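Q: Numbering (this note's numbering), first residue to last: 3 to 291.
Attaching a single structure in structure tokens format; questions to follow.
Set out below in structure tokens:
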């Protein structure tokens with residue numbers, strides 16, 4: 003038996019991970035000078051964060067550091083429990099690098115420990131979708147190495163499409179320039195983004211209205227799941243349920259039986275997207291390029 007681990011950037015509900023027996027390590031979010039632990043809504047409530055963001059607060063985030071990972075991994079290692087950690091994209095955060103450093107520190111004292119780290123090259127529910135698939139495989143009896151190997155071989159098949167309603171948050175997060183944010187706002191341009199092969203966020207196209215950007219998310223997802231519409235699709239939003247419903251309805255118009263879950267963009271990710279972000283996550287037949 004082995005322990006499946008992840009981090010709060012997966013944006014899955016706390017109860018989902020608890021029920022599946024998956025442990026997670028938390029990102030930190032600073033809101034008006036107050037440090038909060040992103041515990042997937044268990045105590046740090048997303049509705050309160052969304053309300054503060056709506057009032058103009060721009061939170062900042064901190065990656066999980068090496069010490070946190072040492073503390074996170076050590077109890078399992080000392081109990082001789084093999085661990086598989088599926089982590090936040092190394093292209094978006096230094097968190098995965100912290101996990102790698104922590105592994106080396108632990109192996110100095112516990113050279114026989116089994117610690118397998120998988121870089122999801124994904125963000126938010128892109129990582130979360132991979133966690134759910136890993137849970138399914140673990141419950142089906144696959145071994146730690148079988149699951150880790152599968153995740154590494156298939157991680158680029160996970161498609162992640164995003165759009166935001168306020169470009170200023172992307173500007174403050176260093177994702178777009180001040181000029182792009184200002185012009186985009188004036189012209190009502192909404193970026194349609196995905197994640198590249200190295201786990202970086204990139205702008206793929208620019209839609210001239212909110213509705214067109216939402217349709218683009220749905221259409222890209224429809225193309226991705228055409229080979230297998232039965233696989234779960236996750237939609238996540240930062241306080242924009244009506245917009246998420248537009249995307250869901252457009253996908254269901256093409257594939258009415260596709261299981262779709264609408265959830266929340268978590269504290270760490272929402273701090274960089276602002277309110278109104280909508281994201282869709284699915285599994286494609288081919289790898290993204």
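Note that the Cβ used here is the ideal one computed from N, Cα and C, for glycine as well.
It should be emphasised that the depicted structure is a prediction, and the values quoted were computed from it without experimental measurement.
#1: Please go through the same chain and pick out, in chain order, the residues whose beta-carbon is closer than 7 Å to the beta-carbon of residue 304, but skip the five residues on each side of it.
#2: Closest to residue 276 by C-alpha separation, out of 46, 19, 6 and 60, would be which residue?
#3: At the level of alpha carbons, what is the spacing between residue 46 and residue 16?
#4: Could you give the DSSP three-state label for residue 301: helix, strand or coil?
#5: Would you call residue 181 buried or exposed, if buried means 16 or more other Cβ atoms sit within 10 Å of its Cβ?
#6: What does the Cβ neighbour count give for residue 210, buried or exposed, with the cut at 16 atoms within 10 Å?
#7: Is residue 6 closer than 9 Å to residue 86 when the C-beta atoms are compared?
#8: Just to confirm my understanding: we take residue 112, look at its own chain, exclude 5 residues before and 5 after, and list those with CB closer than 7 Å. What are they?
#9: Please list the terminal residues of the continuous beta strand (DSSP E) segment that includes residue 195.
#10: Hey, is the segment 48–63 in contact with the segment 24–38, meaning 3+ C-beta pairs nearer than 8 Å?
#11: Alpha carbon to alpha carbon, what distance is there between residue 133 and residue 264?
A: Looking at the coordinates:
#1: There is no way to answer for residue 304, as the model of the chain reaches only from 3 to 291.
#2: As a first step, residue 276 is located in the chain shown; it is residue number 274 there, counting from the start. Distances from the CA of residue 276 to each of 46, 19, 6 and 60 were compared; the closest alpha carbon is that of 60.
#3: Taking the first residue of the chain shown as 1, we reach residue 46 at position 44. Taking the first residue of the chain shown as 1, we reach residue 16 at position 14. C-alpha separation (whole angstroms): 11 Å.
#4: It is not possible to answer for residue 301, since the shown part of the chain is limited to 3 through 291.
#5: Your numbering for residue 181 matches position 179 in the chain shown. With a pLDDT of 45 at residue 181, under the threshold of 50, the modelled position of this residue cannot be trusted; read the value that follows with caution. Flag for residue 181 reads exposed.
#6: The residue you call residue 210 lines up with position 208 of the chain shown. With a 10 Å radius around the Cβ and a threshold of 16 neighbouring Cβ atoms, residue 210 comes out exposed.
#7: Position 84 of the chain shown, counting from 1, holds the residue named residue 86. Position 4 of the chain shown, counting from 1, holds the residue named residue 6. Against a cut-off of 9 Å, the Cβ pair of residue 6 and residue 86 comes out as a contact.
#8: Residue 112 sits at position 110 when you count from the first residue of the chain shown. Excluding sequence neighbours, residue 112 sits near 79.
#9: As a position in the chain shown, residue 195 is number 193, starting the count at 1. In the DSSP assignment, residue 195 falls within the beta strand (DSSP E) that extends over 192–197.
#10: With a cut-off of 8 Å on Cβ pairs, the segment 48–63 is in contact with the segment 24–38, counting three or more such pairs.
#11: Residue mapping note: residue 264 aligns to position 262 of the chain shown, counting from 1. Residue mapping note: residue 133 aligns to position 131 of the chain shown, counting from 1. If you take the alpha carbons of residue 264 and residue 133, they lie about 16 Å apart.
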